[in-house]
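Inspection log for the structure reproduced underneath, given as structure tokens.
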Amino acid sequence: MARTISLPGFVNAHSHAFQRALRGRAAGGDFWAWRDGMLEDAERQTAESVRALYASTYREMHAAGYTAVGEFHYLGLDTALAAAEAAADACVAFVCVYAAYARGGLPRMRQESVAAYLGDLETLRSNGIAVAVAPHSVRACPRDWLVELGRYARDDGLPLHVHANEQPREVEESLAEHGVRPIELLADCGCLGERTTVVHATHANGAELDLLRDSDSTICVCPTTEADLGDGFLPAVRVKHRGIRLCIGSDSNVRIDPFEELRQLEGIARRQDGRRNVFATEELWEIGGANGASSLGLETWADVEVDPGHPSLAGVEEEDLRAALIAGCGADVVVAPVR
Ligand SMILES: [Zn+2]
């Protein structure tokens, strides 16, 4: 084999690996209809099916250049243990972003109390699995849960991940129930901070973005999924102007390609701003790697090898390689790891 070039690996800060099975299914007129079908698939999962499906999905991630994954897991404890085994098989560093779910969803997603949730989390930790505290959303967790979970994450120095502002309806429901928007509620409940990652923030307004900036929180943007589900666009330019840290996630795994996530992020920003290079190339690489690692509390993650002889890189000067990878390449430039 010709020489390869070693580059920092990518970190997938937000995945629901079981949703890989939904790729290509056109069902669902909008996010909520898609979610009904997704829940049917979630209901069917067993430890055995998770073990097999997640291992193949994590291998696909590894081949695409993701060397670490935060699995936002809401299928229960036995399947969380199976997911950790699957990641180990695929040689992908794994953080179980274990979801707290008080209401809605399926019975298997819910815990009876915060104490029951924390019991599961302690079991994962005692099995040597890295974890993050994850109130699923303000839709799934009431205020008192958010307060307790925020406190636990803070006291134990754990990352906290939470979905917020993916869909306008979620914002409307939060306003109806609490009189404040989702990220405002998270701030009130002590859930924002330098270890917090808000997933999506698609419909965050200026005041909410200010809260994320002031608390040094991170946003995990998942552009291929947000496009697929018709969620909307990250307010990328407003996020950039505030200096809010970003990381990426493959989320529903409709596509597993870190270059594409980064290209779409920059594409959204260019369309919003009417100019090029809103995020510098080095910044996009940080968003794809280091920022995801810090979001998940990981200190190290493996590098990847890319093939500079790949046809997509023909005619590209070496100093332009990193920019060209994001601008014009797919994950097939990553050389399959030797196993
Ligand atoms: Zn998600």
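Take the sequence shown: its letters are residues 5 to 343, numbered as in the numbering used here. Heads up, the beta-carbon is just placed ideally off N, CA and C, and yes, glycines get one too.
- Query: Is M5 helix, strand or coil when you go by DSSP?
  - Reply: Residue confidence is low: M5 scores 49 on pLDDT, short of 50, so the model does not pin down where it sits. No coordinate-derived value is stated.
task: Just tell me which of A88, R107, A103 and P111 has its CA closest to the CA of Y121.
output: A103
Inset, instruction - Pick helix, strand or coil for V73, following the three-state DSSP scheme. - result: strand
Requested in this report: Compute every distance between the C-beta of F76 and the non-hydrogen atoms of ligand 1, then say whether any falls below 7 Å.
Outcome: yes
D34, DSSP secondary structure in three states:
coil
Going by C-alpha to C-alpha distance, which of L266, A25, G74 and A157 sits closest to S53? A25
| task | Determine the burial state of P239: buried for a count of at least 16 other Cβ atoms within 10 Å of its Cβ, exposed for fewer. | result | buried
Check: Ends of the alpha helix (DSSP H) at Y58?
Finding: A51 to A68
Identify which residue in H207, T285, V258 and R259 has its Cα closest to the Cα of G271.
-> T285
Taking 7 Å as the cut-off, is the beta-carbon of D311 closer than that to any non-hydrogen atom of ligand 1? no
Discussion item. At the level of alpha carbons, what is the spacing between G123 and G13?
Written reply: 33 Å
When the Cβ atoms of the region 288–298 are set against those of the region 53–64, are three or more pairs found closer than 8 Å?
no
| query | Roughly how many whole angstroms lie between the Cα atoms of E177 and Q171? | reply | 10 Å
Cutoff 7 Å; reference M5; Cβ partners in own chain excluding five residues on either side: For M5, the pLDDT reaches just 49, beneath the cut-off of 50, and the residue's location in the model is therefore unreliable, although a value from the coordinates is still provided. Excluding sequence neighbours, M5 sits near nothing in its chain.
Checklist line | N16, enclosing beta strand (DSSP E) - first and last residue | finding: F14 to S19
Discussion item. Is D255 near ligand 1 - that is, is its Cβ less than 7 Å away from at least one heavy atom of it?
Written reply: yes
**Prompt:** Apart from the five residues on each side of it in sequence, which residues of its chain come closer than 6 Å, Cβ to Cβ, to A86?
**Reply:** A51, V54 and R55
What is the rounded straight-line gap between the Cα of R326 and the Cα of H66?
19 Å
Flag V203 as yes when its Cβ comes closer than 7 Å to any non-hydrogen atom of ligand 1, and as no otherwise. yes
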